[in-house]
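**Q** Provided herewith is a single structure, encoded as structure tokens, for subsequent inquiry.
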Amino acid sequence: MSERTVLIVDDEFAIRDMLRMALELADYRCIEAENIQQAFTLLLDEQPDIVLLDWMLPGGSGLELLRRMKREDTVNDVPVIMLTAKTAEDNVIQGLDVGADDYITKPFAPRELIARIKALLRRSRGASEDEHMQIENLVLDGESRRIFIADQAVEMGPTEFNLLQFFMSHPERAYTRGQLLDRVWGTNVYVEERTVDVHIRRLRKALQTEEEDYSNLIQTVRGTGYRFSTRGTVPA
Numbered sequence: 660m661s662e663r664t665v666l667i668v669d670d671e672f673a674i675r676d677m678l679r680m681a682l683e684l685a686d687y688r689c690i691e692a693e694n695i696q697q698a699f700t701l702l703l704d705e706q707p708d709i710v711l712l713d714w715m716l717p718g719g720s721g722l723e724l725l726r727r728m729k730r731e732d733t734v735n736d737v738p739v740i741m742l743t744a745k746t747a748e749d750n751v752i753q754g755l756d757v758g759a760d761d762y763i764t765k766p767f768a769p770r771e772l773i774a775r776i777k778a779l780l781r782r783s784r785g786a787s788e789d790e791h792m793q794i795e796n797l798v799l800d801g802e803s804r805r806i807f808i809a810d811q812a813v814e815m816g817p818t819e820f821n822l823l824q825f826f827m828s829h830p831e832r833a834y835t836r837g838q839l840l841d842r843v844w845g846t847n848v849y850v851e852e853r854t855v856d857v858h859i860r861r862l863r864k865a866l867q868t869e870e871e872d873y874s875n876l877i878q879t880v881r882g883t884g885y886r887f888s889t890r891g892t893v894p895a
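Going by our numbering, the first residue of the sequence shown is number 660, and it counts up by one from there.
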């Protein structure tokens, strides 16, 4: 397997050094930035496979870098794990809403972080690279990892893509949040169940386009979780 590149964005040298040593022992290549501008330059120049992004940075927050990433076509699908000392639910949801794929609260064990990185990279690669699925004008191209609605490409993060890929492969069945975490995130990583709700909300938003609206395919099943269903649904 080719070496994976991790961009570490943290203003504290000791944190970056600790992360770099742990990741290099796990055979990752590391590049480092201590502020938003350095990080954005490295993102464009190096095209890393994943970003570890500290919440608090000089001159702003990691969320500002995340927003810039989502506006830049060449890096908007790079997975991001937020490193944060903030544990309040509003802060966590804010980071996920902006586009983070996962978060981990300081202090954390390097082994846990590496497990999360591996799980996220597996999700970003996808389980079936050549899978092609279509419902009406909604097309999922597993080879290019792109979504199309009425022949128009749809912007979607890697976690939302994998959720949709799983749902389209397993239609008409209700899944609990815990089951979705196991199937999409993996059993080796702890992610809180509320994270699923945030990504479902982002997936539904991505499926609402000017051409057609497929967000109603993702149904909330009261008392259970979510279901992907085409029964009785017509794109708007």
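From the three backbone atoms N, C-alpha and C, an ideal C-beta is built for every residue, glycine too.
I'd like the list of long-range same chain contacts for Ala759, defined as Cβ closer than 8 Å, with 5 residues on each side in sequence excluded.
**A** Along the sequence shown, one-based indexing puts residue 759 at 100. The residues are Leu712, Leu725, Val739, Ile740, Met741.
**Q** Would you check if the region 877–886 and the region 826–839 touch, i.e. whether three or more CB-CB distances between them fall below 8 Å?
**A** yes
**Q** On a Cα-Cα basis, can you pick out the residue from Ala692, Ile773, Leu701, Trp844 that is closest to Ala681?
**A** Position 22 of the sequence shown, counting from 1, holds the residue named residue 681. Here the closest residue by C-alpha is Ile773.
**Q** Would the beta-carbon of Asn796 fall within 9 Å of that of Glu871?
**A** Here residue 796 refers to the residue found at position 137 of the sequence shown. Here residue 871 refers to the residue found at position 212 of the sequence shown. In this structure, Glu871 lies closer than 9 Å to Asn796 by Cβ.
**Q** Which two residues bound the contiguous alpha helix (DSSP H) that contains Gln697?
**A** Taking the sequence shown and counting its residues from 1, the one referred to as residue 697 is at position 38. Residues 695–705.
**Q** Is it the case that the Cβ atoms of Leu823 and Leu862 are separated by a distance below 9 Å?
**A** Taking the first residue of the sequence shown as position 1, residue 823 is located at position 164. Taking the first residue of the sequence shown as position 1, residue 862 is located at position 203. Yes, the pair counts as a contact, with Cβ atoms nearer than the cut-off.
**Q** Since Asp761 and Val850 should fall inside the 8 Å C-beta cutoff, what is the C-beta to C-beta distance between them, to a whole number of angstroms?
**A** As a first step, residue 761 must be located in the sequence shown, where it is residue number 102. As a first step, residue 850 must be located in the sequence shown, where it is residue number 191. 7 Å between Cβ atoms; contact.
**Q** Report the residue ranges of all beta strand (DSSP E) runs contained in full by the region 737–813; include only those spanning at least 3 residues, in chain order.
**A** 739–743, 761–764, 791–794, 797–800, 805–808, 811–813
**Q** Are Gly754 and Thr743 close, meaning C-beta to C-beta below 9 Å?
**A** For this step, residue 754 is matched to residue 95 along the sequence shown. For this step, residue 743 is matched to residue 84 along the sequence shown. Result yes, Cβ atoms of Gly754 and Thr743 sit closer than 9 Å.
**Q** Whole angstroms are fine: how far does the CA of Glu869 sit from the CA of Ala768?
**A** Within the sequence shown, the letter at position 109 stands for residue 768. Within the sequence shown, the letter at position 210 stands for residue 869. About 44 Å.
**Q** Let's test the definition: count the other Cβ atoms within 10 Å of the Cβ of Glu814 and tell me whether it reaches 16, buried, or not, exposed.
**A** Taking the sequence shown and counting its residues from 1, the one referred to as residue 814 is at position 155. So Glu814 ends up on the exposed side.
**Q** Is it buried or exposed for Ala673, if we count other Cβ within 10 angstroms and need 16 for buried?
**A** Taking the sequence shown and counting its residues from 1, one reaches residue 673 at position 14. Looking at its Cβ environment, which holds fewer than 16 other Cβ atoms inside 10 Å, Ala673 is exposed.
**Q** What is the rounded straight-line gap between the Cα of Cys689 and the Cα of Gln697?
**A** Translated into the one-based positions of the sequence shown, residue 689 becomes position 30. Translated into the one-based positions of the sequence shown, residue 697 becomes position 38. A direct Cα-Cα distance of roughly 14 Å separates Cys689 from Gln697.
**Q** Counting C-beta neighbours from all protein chains within 10 Å, is the total for Thr818 16 or more, i.e. buried, or is it exposed?
**A** In the sequence shown, the residue the question calls residue 818 occupies position 159. Thr818 should be labelled buried.
**Q** From Arg781 to Glu852, what does the alpha carbon distance come to, in whole angstroms?
**A** Counting from 1 along the sequence shown, the entry for residue 781 is found at position 122. Counting from 1 along the sequence shown, the entry for residue 852 is found at position 193. For Arg781 and Glu852, the distance between alpha carbons rounds to 20 Å.
**Q** Among the candidates Asp856, Ile877, Leu678, Glu771, whose CA atom is the shortest distance from the CA of Ile752?
**A** The residue given as residue 752 occupies position 93 in the sequence shown. Comparing Cα-Cα distances from Ile752 to each of Asp856, Ile877, Leu678, Glu771, the minimum goes to Asp856.
**Q** I believe Arg727 touches Phe699 by the beta-carbon criterion, under 8 Å. Please report the beta-carbon distance rounded to the nearest angstrom.
**A** In the sequence shown, residue 727 corresponds to position 68, counting from 1. In the sequence shown, residue 699 corresponds to position 40, counting from 1. Contact flag correct, Cβ pair sits at about 6 Å.
**Q** Just verifying my parser: in three-state terms, what is the DSSP assignment at Leu839?
**A** Position 180 of the sequence shown, counting from 1, holds the residue named residue 839. Looking at Leu839 - three-state DSSP - the assignment turns out to be helix.
**Q** Does any residue of chain D have a CB that is nearer than 9 Å to the CB of Met728?
**A** Note that chain D does not occur in the displayed structure, where there is just one protein chain.
**Q** With respect to the alpha helix (DSSP H) encompassing Asp856, which residues constitute its N-terminal and C-terminal limits?
**A** To locate residue 856, count along the sequence shown from 1; it is residue 197. Its alpha helix (DSSP H) spans residues 853–865.
**Q** From the DSSP secondary-structure annotation, give me the bridge partner or partners of Glu691.
**A** Within the sequence shown, numbered from 1, the residue matching residue 691 stands at position 32. Partner(s): Ile667.
**Q** Taking the continuous beta strand (DSSP E) assigned at Thr818, which residues delimit it?
**A** As a position in the sequence shown, residue 818 is number 159, starting the count at 1. Segment 817–828 is the alpha helix (DSSP H) holding Thr818; no beta strand (DSSP E) there.
**Q** Helix, strand or coil, according to DSSP, for Asp886 in the structure here?
**A** Here residue 886 is taken as the residue at index 227 of the sequence shown, counted from 1. Note that residue 886 is Arg in the sequence shown here, rather than Asp. Reduced to three states, the DSSP call for Arg886 is strand.
**Q** Based on DSSP bridge pairs, tell me the residues matched to Tyr834.
**A** Here residue 834 refers to the residue found at position 175 of the sequence shown. DSSP lists Tyr885 as partners of Tyr834.
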